[in-house]
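**Student:**
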Amino acid sequence: MERKYDLEERLINFAASIIAFTDSMVNSKAGNHLANQLLRSGTSPALNYGEAQSGESRKDFIHKLKIVLKELRETRVTIKIIDKSILHLDKGEIIKLLNECNQLISIFVKSIETAERNNN
Numbered sequence: 000m001e002r003k004y005d006l007e008e009r010l011i012n013f014a015a016s017i018i019a020f021t022d023s024m025v026n027s028k029a030g031n032h033l034a035n036q037l038l039r040s041g042t043s044p045a046l047n048y049g050e051a052q053s054g055e056s057r058k059d060f061i062h063k064l065k066i067v068l069k070e071l072r073e074t075r076v077t078i079k080i081i082d083k084s085i086l087h088l089d090k091g092e093i094i095k096l097l098n099e100c101n102q103l104i105s106i107f108v109k110s111i112e113t114a115e116r117n118n119n
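In terms of numbering that gives the first Met the number 0, the sequence shown opens at residue 0 and continues consecutively.
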């Protein structure tokens, strides 16, 4: 149970970092658009992981984990676009977020593989 809590806490911390990051983005039409996009996709994994914990079945649990993974991948691409477009000036923060996002993606890829294997 402790591992689940640690992962949930990690996703919550990631969401909080995304919120702070979007609040410090360049204030422009593109900056605001991508900030809103990142805010949605970057906070969604923590919320969907919470839902997954109450999955009605193993299949529902796996489906919700796949949504978490999809949102993390969307978040990664959005951060890369923000970086390429210079819509955030703190390169260190961009690298930190990308690193955490990549680690979370790896964790959920393995979690989904394990859950699917255990489902069969």
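Ideal Cβ positions, reconstructed from N, Cα and C, are used throughout, including at glycine.
Remember, predicted model here, so these are calculated numbers, not experimental data.
State the Cα-Cα distance for the pair residue 105 and residue 27, rounded to the nearest angstrom.
**Tutor:** Approximately 33 Å, taken between the alpha carbons.
**Student:** Tell me whether residue 47 is buried or exposed, calling it buried when 16 or more other Cβ atoms sit within 10 Å of its Cβ.
**Tutor:** So residue 47 counts as buried.
**Student:** Taking the alpha carbon of residue 119 as the reference point, which residue from 109, 87, 58 has its own alpha carbon closest?
**Tutor:** The residue with the shortest Cα to Cα distance from residue 119 is 58.
**Student:** Just checking my contact of residue 111 with residue 65 at CB under 8 Å: how many whole Å lie between their CB atoms?
**Tutor:** The pair is a contact, with the Cβ atoms about 6 Å apart (cut-off 8 Å).
**Student:** Please name the residue in 73, 31, 39 whose C-alpha comes closest to that of residue 100.
**Tutor:** With distances taken between Cα atoms, residue 100 lies closest to 73.
**Student:** Look at the alpha carbon of residue 40 and the alpha carbon of residue 102, and state the distance between them as a whole number of angstroms.
**Tutor:** If I take the Cα positions, the gap works out to 16 Å.
**Student:** If I follow the unbroken alpha helix (DSSP H) through residue 110, where does it start and stop?
**Tutor:** First-last of the alpha helix (DSSP H) with residue 110: 90-118.
**Student:** In chain order, which continuous runs of the alpha helix (DSSP H) of length 4 or greater are located wholly inside the region 5-82?
**Tutor:** Runs found: 28-51.
**Student:** For residue 54, which residues from the same chain have a beta carbon less than 7 Å from its beta carbon, with the 5 sequence-adjacent residues on both sides left out?
**Tutor:** Closer than 7 Å at the Cβ level, and outside the excluded window around residue 54, lie 60, 63.
**Student:** Going along the chain, which residues of its own chain have a beta-carbon closer than 6 Å to the beta-carbon of residue 36, five neighbours each way excluded?
**Tutor:** Around residue 36: 77.
**Student:** By the 10 Å Cβ neighbour count, where 16 or more other Cβ atoms means buried, how is residue 113 classified, buried or exposed?
**Tutor:** With fewer than 16 other Cβ atoms within 10 Å, it is exposed.
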